[in-house]
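A.B. asks: To start, I am sharing the structure in question, which I have written as structure tokens.
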Amino acid sequence: MTADHEFIACGSVAGLLAQQAETFADQDLFVLPASVRAMWDAPQSAWSYGEVHARVSALAEAYRGAGYGPDHRVALLLENRPAHFEHWLALNTIGVTVVPVNPQASADELTYLLSHSESVLLVRLPGHAALADPVAAALNVAVAGPDDAPQAIGAEQPLAPADPERPCALIYTSGTTGRPKGCVLSNRYFLNWSHWYRSQRGHIALRDGVERLMTPLPTFHVNAMGHSFMGMLSCGGAQIIVDRFHPRQWWAEAIETKATCFHYLGVMPAILLELPETPEERSHGMRFGLGGGVHPDHHARFEERYGVCLLEGWAMTETGGAGTMCAASEPRHVGQRCIGRPDRPGPEIEMKVVDDAGNELPRGTPGELIVRARGDDPRKGFFTEYLKNPEATAEAWADGWLHTGDVMRMDEDGALFFVERKKNIIRRSGENIAAAEVEAVISQVPGVSAVAVVASPDPLREEEVLAVIVPADPDGDGAALADAIFARCEEKLTYFKVPGLVVPVASLPTTSTQKVQKAGLRDIANAPLDAPGCVDLRERKNALRKAK
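Just so you know, the working numbering puts the end of the sequence shown at 548, numbered straight through with nothing missing.
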């Protein structure tokens, strides 16, 4: 067993902030571009390590005095704003687990998240009160704004000592069998991301007090909270917060905020490559972008046009920094979805590419990637468990290995290449969508006899949600039924889960045990617009996104 890394020795995320605030007190920790500051009516455009630490300490005392402690969970509906991080770190100081909330969640989704997590408080922005407050009231969950004093729930709690194994966050991730699963994530999980990022060399090689990472990714995902924030915290860097990806402002805001790196989803390079050339696109100070899913045809074109290396990486909510991979050093195999090598710097791990029976496959043969921590505890630093779901936790860790559900191949030199997802998950613009969750909603729509939701390749968003349905009335109005499906999904689901395409069929292909064979829908998925009766809802879906 190796000794804990220096970051792990801090004991908690808040402990690492306190340590870094001593060294980098006057350095920026959070930065807002002028447009984002104006949109949010923020009081300032930058917050230093010292300012954030002082604010976090005061908030922690307020929470502790109101009776909050290690037995509690608090939901945060604070978008990408600095307040999200301040409340997270304050609650982390006193051992409370935070539950980040998707700002676009429907009332039904929010009800599930608050009840399943047993949150005792929802901290939300005033703009979300109309939807969130009635849901919280129905569940008897207290509500507060980010600047409000937290509602007292008991006597002042003693200050719990920092503990790397204590839960730090509960983040919900799409499962393959219905409702999202709550991943319990420890302090060690997040601190491992600082360890990973600080250990990288090659094109990453962070510089103390210099790096400024620009990210439009949402805080209800682990990337912005874990990978981005913990990476910058590891080196005294700044997190440049963008509310969402604005392609026409991207390079100008990079110059304005002195960004040195960024995190991306595959859709971002695709969109940026479609823009007309501007002087700003080569006048920035970006050294690298780190992400996943860039289209193979776009990879080299992007690097040549913009002068920035795109470093393809891989991680899951379940792996965190313990299992993160990235092609940060040469050879990067540009355009081949290479995610690096198993012997990368950072937390020590083992990995294998296996067949369905768990047998390790020869080099060059695609199979499922399975991973674990090196040493006597294979789960060390990975997700702790799926909340209230020991069966799913055990299944994920079958035979002492985390089964990723992603198909990879390893070449003779040990480089790993992403091939496809094995799980019944749709990946749209960086969002993981469980087909089963969407199917459960569509199956409730009158007039739908059967449904299978699958991924349809999309040149811009990687994949789109395609609903293949069997109408109860084959001669009925297909457009009206598609409208009903869209309306029900809009009511029950976050906008990106709503089907963008609906195709009616006479029957679904099934096995001898009447399970749907989704492989038999591949031809429809690859060319849905060629299928008779296809209803294209993508423009309506995009309008829904803009309205949100």
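Just so it is clear, CB atoms sit at the ideal spot from N, CA and C, and this is done for glycine as well.
1. Run through DSSP, which three-state label would His295 get?
2. Let me make sure I understand the geometry here. Which of Ala450, Asn432, Gly478 and Gly520 has the alpha-carbon closest to that of Val498?
3. Measure the C-alpha to C-alpha separation of Trp47 and Val31 and round it to an integer number of angstroms.
4. Go ahead and pull the three-state DSSP assignment for Thr219.
5. Which runs of the alpha helix (DSSP H) spanning at least 4 residues fall entirely within the region 363-414, listed in chain order?
6. Enumerate, from N- to C-terminal direction, the unbroken beta strand (DSSP E) stretches of 3 or more residues contained entirely within the region 36-69.
7. Could you have a look at Phe549 and say whether DSSP puts it in helix, strand or coil?
8. Do you know offhand how far Tyr49's Cα is from Ala25's?
9. From what residue to what residue does the beta strand (DSSP E) around Ser449 run?
10. Check whether the Cβ atoms of Asn192 and Gly346 lie closer than 9 Å to each other.
11. Please classify Ala472 as buried or exposed, where buried requires at least 16 other C-beta atoms within 10 Å of its C-beta.
12. Let me make sure I understand the geometry here. Which of Ala107, Met286 and Glu6 has the alpha-carbon closest to that of Ser199?
13. Which residues in the same chain have their Cβ closer than 6 Å to the Cβ of Pro70, if we skip the five residues on either side of it in sequence?
14. If you check the beta carbons only, do Arg427 and Glu385 fall under 9 Å apart?
15. If I'm right that Leu114 touches Leu122 with Cβ under 8 Å, what's the distance once you round it to whole angstroms?
16. For the region 204-221 against the region 249-268, do three or more pairs of beta-carbon atoms, one drawn from each stretch, fall closer than 8 Å, so that the two count as touching?
17. What residues in its chain sit with their C-beta under 7 Å from that of Pro146, if we drop five residues either side in the sequence?
18. Assuming Cys168 contacts Asn92 under a Cβ cut-off of 8 Å, what Cβ separation, rounded to an integer in Å, is found between them?
19. Measuring alpha carbon to alpha carbon, tell me which residue in Ala434, Gly367, Asp28 and Glu439 is nearest Leu233.
20. Three-state secondary structure (DSSP) at Val242?
21. Does the region 136-144 come close enough to the region 523-537 to have 3 or more Cβ pairs within less than 8 Å?
22. Going straight from the alpha carbon of Gly340 to that of Ala322, what length do you get?
23. Could you check whether Glu156 and Ala66 sit closer than 9 Å to each other, using their CB atoms as the reference points?
24. So His298 and Ala270 are in contact, right, with Cβ under 8 Å, and what is the actual spacing, rounded?
25. Please list, in chain order, all residues of the same chain as Ser106 whose beta carbon is under 7 Å from its beta carbon, the five residues on each side excluded.
26. If we count the other Cβ atoms within 10 Å of its Cβ and call it buried at 16 or more, is Leu387 buried or exposed?
27. Can you tell me whether Pro218 is buried or exposed, with buried defined as 16 or more other CB within 10 angstroms of its CB?
28. Looking only at C-alpha atoms, which of Val465, Val334 and Ala136 sits nearest to Ala415?
29. State the DSSP-derived secondary structure class of Pro269, mapped to helix, strand or coil.
30. Could you tell me which of Arg522, Gly320 and Asp355 sits nearest to Gly231, measuring between CA atoms?
31. Tell me whether Thr513 is buried or exposed, calling it buried when 16 or more other Cβ atoms sit within 10 Å of its Cβ.
32. By alpha-carbon positions, which one of Arg461, Asp411 and Pro378 ends up nearest to Ala398?
33. Could you tell me the distance, in whole angstroms, from the CA atom of Thr173 to the CA atom of Pro180?
34. Quick check: what's the CA-CA separation for Gly285 versus Ala396?
35. Considering only residues of the same chain and omitting the five flanking positions on each side of Arg337, which have a CB-CB separation below 7 Å?
36. Give the range of the alpha helix (DSSP H) segment to which Leu110 is assigned.
C.D. replies: Considering the structure as presented:
1. Walking along the sequence shown from the start, residue 295 turns up at place 295. Three-state DSSP puts His295 in coil, outside helix and strand.
2. Walking along the sequence shown from the start, residue 498 turns up at place 498. Taking only the C-alpha atoms, the option nearest Val498 is Asn432.
3. Here residue 47 refers to the residue found at position 47 of the sequence shown. Here residue 31 refers to the residue found at position 31 of the sequence shown. Approximately 7 Å between the Cα atoms of the pair.
4. As a working mapping, residue 219 is identified with position 219 in the sequence shown. Here Thr219 sits in coil by DSSP.
5. Runs found: 390-396.
6. Taking 3 residues as the shortest admissible run, the region 36-69 contains the following complete beta strand (DSSP E) segments, listed from N- to C-terminal end: 46-48.
7. A query on residue 549 cannot be resolved here, the shown segment of the chain reaching from 1 to 548 and no further.
8. Taking the first residue of the sequence shown as position 1, residue 49 is located at position 49. Taking the first residue of the sequence shown as position 1, residue 25 is located at position 25. Approximately 5 Å between the Cα atoms of the pair.
9. Your numbering for residue 449 matches position 449 in the sequence shown. Ser449 -> beta strand (DSSP E) spans Val448 to Asp458.
10. Walking along the sequence shown from the start, residue 192 turns up at place 192. Walking along the sequence shown from the start, residue 346 turns up at place 346. Yes; because the gap between Cβ atoms is below 9 Å, this pair is in contact.
11. Start at 1 with the first residue of the sequence shown, and residue 472 comes out as number 472. Flag for Ala472 reads exposed.
12. Numbered from its first residue, the sequence shown carries residue 199 at position 199. Considering only alpha carbons, the answer is Glu6.
13. Walking along the sequence shown from the start, residue 70 turns up at place 70. So the list reads Gly95 and Ala160, once near-sequence residues are dropped.
14. Residue 427 sits at position 427 when you count from the first residue of the sequence shown. Residue 385 sits at position 385 when you count from the first residue of the sequence shown. No, these two residues do not count as a Cβ contact at 9 Å.
15. Translated into positions along the sequence shown, residue 114 becomes position 114. Translated into positions along the sequence shown, residue 122 becomes position 122. That pair is a contact at about 7 Å.
16. yes
17. For this step, residue 146 is matched to residue 146 along the sequence shown. These residues qualify, in order along the chain: Leu78, Ala83, His87, Val123 and Leu125.
18. Sequence index remark: in the sequence shown, residue 168 carries index 168 (1-based). Sequence index remark: in the sequence shown, residue 92 carries index 92 (1-based). Under the criterion of beta carbons closer than 8 Å, Cys168 and Asn92 qualify as touching, at roughly 6 Å.
19. Working through the sequence shown from its first residue, we reach residue 233 at position 233. It is Asp28.
20. Sequence index remark: in the sequence shown, residue 242 carries index 242 (1-based). Of the three classes helix, strand and coil, the one that applies to Val242 here is coil, per DSSP.
21. Touching, no, given that fewer than three Cβ pairs across the two stretches are closer than 8 Å.
22. The residue labelled residue 340 in the question sits at position 340 within the sequence shown. The residue labelled residue 322 in the question sits at position 322 within the sequence shown. Going by the C-alpha atoms only, they are around 15 Å apart.
23. Counting from one through the sequence shown, the residue named residue 66 turns up at place 66. Counting from one through the sequence shown, the residue named residue 156 turns up at place 156. Ala66 places its beta carbon less than 9 Å from that of Glu156.
24. Position 298 of the sequence shown, counting from 1, holds the residue named residue 298. Position 270 of the sequence shown, counting from 1, holds the residue named residue 270. 6 Å between Cβ atoms; contact.
25. Here residue 106 refers to the residue found at position 106 of the sequence shown. These residues qualify, in order along the chain: Glu491, Lys492, Leu493 and Thr494.
26. Within the sequence shown, the letter at position 387 stands for residue 387. So Leu387 counts as buried.
27. Taking the first residue of the sequence shown as 1, we reach residue 218 at position 218. The Cβ neighbour count for Pro218, taken over all protein chains shown within 10 Å, is at least 16; the residue is labelled buried.
28. If you number the sequence shown from 1, residue 415 lands on position 415. When each option's Cα is compared against that of Ala415, the closest is Val334.
29. One-based indexing of the sequence shown puts residue 269 at position 269. Helix, per DSSP.
30. As a first step, residue 231 must be located in the sequence shown, where it is residue number 231. Of the listed residues, the one whose Cα sits closest to Gly231 is Gly320.
31. The residue labelled residue 513 in the question sits at position 513 within the sequence shown. For Thr513, the predicted model reports a pLDDT of 47, less than 50, meaning its position is unreliable and no value from the coordinates is stated.
32. Taking the first residue of the sequence shown as position 1, residue 398 is located at position 398. Ranking Arg461, Asp411 and Pro378 by Cα distance to Ala398 puts Pro378 first.
33. Position 173 of the sequence shown, counting from 1, holds the residue named residue 173. Position 180 of the sequence shown, counting from 1, holds the residue named residue 180. Answer to the nearest angstrom: the Cα atoms are 5 Å apart.
34. The count along the sequence shown starts at 1 and reaches residue 285 at position 285. The count along the sequence shown starts at 1 and reaches residue 396 at position 396. Linking Gly285 to Ala396 through their CA atoms gives a straight-line distance of about 41 Å.
35. Numbered from 1 along the sequence shown, position 337 holds the residue referred to as residue 337. Here the set comprises Pro296, Glu312, Phe417 and Phe418.
36. As a first step, residue 110 is located in the sequence shown; it is residue number 110 there, counting from the start. Where Leu110 is concerned, the enclosing alpha helix (DSSP H) stretches over Ala107 to Ser117.
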